[in-house]
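Numbering (the working numbering), first residue to last: 2 to 298.
By construction, the Cβ of each residue, glycine as well, lies at the ideal position given by its N, Cα and C atoms.
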Ligand code: ADP
Ligand code: ASP
Ligand code: MG
């Protein structure tokens, strides 16, 4: 069993999602059990936060961002969903956008956004991407199961940066995946309280979701697929001569993440370390590169 997590740039548009599919399907052919964890389409979480701010200020401009977001998801449907399924998938995505619109409108009219409503709005990014990518996989003729992560990851009410109830979540994850063996796709970052109120795990938290799922299921590996060749000595966008770190301990990786290496969320290391599961950081756009292995070795 392997957990494959794809970040926002990996799933930003149809072209990139095709690369993600190549990686998933290549592994699937080997007979490996796979759970896919995805982020929102690149930039969508930021856009949702902007929508909240604009709606809060009573600024109608949020509509424009909303419409572009809608178009981006529909474009993926047009390019990657089989003709016979397009209507059904469009309808489902449309329903989600309607739901989102209603929450945003309530913020707009009340000019008030309590923390739980902010998390609800922000969660739509991963709700949409996970459903969409699961359908794209089906369009390639592979059985795929869309899983609402909120039913499996349980947290307290610390909205925006909720703390995971490990016991409850691991139980729900292992119960669910013992019964459902097909390739599954779930959103990272999103969760819910015991009462079912939507929460989020903090920015960049999809990596953490992947690690939680991997640890709950004693997976063989957790793969974090992103847009750089691995964990590097510095942010390659800022430092020209940054080099890849081929292997690193959980402790050092956590230290680097806490110091700002955004390629992996700092909370990702603990669940994997406790179960001694290696984490690999790999590049969706350069899959042949060896990447970084984080382990006890
Ligand atoms: P994803 O959307 O795949 O989760 P992120 O944007 O969260 O990707 O993380 C990847 C980015 O992290 C890279 O594009 C890179 O600019 C940045 N980054 C910062 N520090 C490091 C580092 N030490 N090594 C690699 N990437 C880093
Ligand atoms: N989509 C969320 C964010 O942008 C979570 C993630 O990408 O890991 O923070
Ligand atoms: Mg990230």
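Check this for me: beta carbons of residue 192 and residue 227, under 7 Å apart or not?
Within the chain shown, residue 192 is the residue found at index 191, counting from 1. Within the chain shown, residue 227 is the residue found at index 226, counting from 1. In this structure, residue 227 does not lie closer than 7 Å to residue 192 by Cβ.
Taking only runs of the alpha helix (DSSP H) that begin and end inside the segment 42–94, which ones reach a length of at least 4 residues, in chain order?
Within the segment 42–94, the complete alpha helix (DSSP H) runs of at least 4 residues are 45–57, 63–81.
At a cut-off of 6 Å, would you count residue 8 as near the ligand MG, judging by its Cβ distance to the nearest heavy atom?
In the chain shown, residue 8 corresponds to position 7, counting from 1. Yes, the ligand MG has a heavy atom inside 6 Å of this Cβ.
Secondary structure at residue 147, three-state DSSP: helix, strand or coil?
In the chain shown, the residue the question calls residue 147 occupies position 146. Here residue 147 sits in strand by DSSP.
The ligand ASP heavy atom lying under 6 Å from the CB of residue 204
Position 203 of the chain shown, counted from the start, is the residue given in the question as residue 204. For residue 204, the CB falls within less than 6 Å of some heavy atom of the ligand ASP.
Could you check what DSSP says for residue 11 in three-state terms: helix, strand or coil?
Start at 1 with the first residue of the chain shown, and residue 11 comes out as number 10. Look at residue 11 here: in three-state DSSP terms it is coil, with no helix or strand label.
From 210, 272, 11, 79, residue whose alpha carbon lies closest to that of residue 148
On the chain shown, position 147 is the one that residue 148 refers to. Measuring from the Cα of residue 148, the nearest candidate turns out to be 210.
Helix or strand or just coil, what does DSSP make of residue 296?
Within the chain shown, residue 296 is the residue found at index 295, counting from 1. In this structure, residue 296 counts as strand in the three-state DSSP scheme.
Please tell me whether residue 89 and residue 78 are closer than 7 Å, where the distance is taken between their beta carbons.
Position 88 of the chain shown holds residue 89. Position 77 of the chain shown holds residue 78. Taking C-beta atoms as the reference points, residue 89 and residue 78 fail to come closer than 7 Å.
Measure the alpha-carbon distance for residue 195 versus residue 165 and round it to whole angstroms.
Along the chain shown, one-based indexing puts residue 195 at 194. Along the chain shown, one-based indexing puts residue 165 at 164. In this structure, the straight-line span from the alpha carbon of residue 195 to that of residue 165 is close to 11 Å.
Got a sec: does the ligand ASP put a non-hydrogen atom nearer than 6 Å to the Cβ of residue 111?
Counting from one through the chain shown, the residue named residue 111 turns up at place 110. No, Cβ of residue 111 sits at least 6 Å from all heavy atoms of the ligand ASP.
Using CA coordinates, which residue listed in 4, 8, 81, 105 is at the minimum distance from residue 286?
As a first step, residue 286 is located in the chain shown; it is residue number 285 there, counting from the start. For residue 286, the nearest C-alpha among the options comes from 8.
Assuming residue 267 contacts residue 255 (C-beta within less than 8 Å), just tell me the rounded distance between them.
As a working note, residue 267 is residue 266 in the chain shown. As a working note, residue 255 is residue 254 in the chain shown. For residue 267 against residue 255, the beta-carbon gap comes to about 6 Å, under 8 Å, which counts as contact.
Given 8 Å as the limit, is there contact between the segment 97–105 and the segment 179–192, that is, 3 or more CB pairs closer than that?
No, the segment 97–105 is not in contact with the segment 179–192.
Measure how close the beta-carbons of residue 153 and residue 173 come, nearest whole angstrom, since I'm counting them as under 8 Å.
In the chain shown, the residue the question calls residue 153 occupies position 152. In the chain shown, the residue the question calls residue 173 occupies position 172. About 5 Å separates the two Cβ atoms, so the contact holds.
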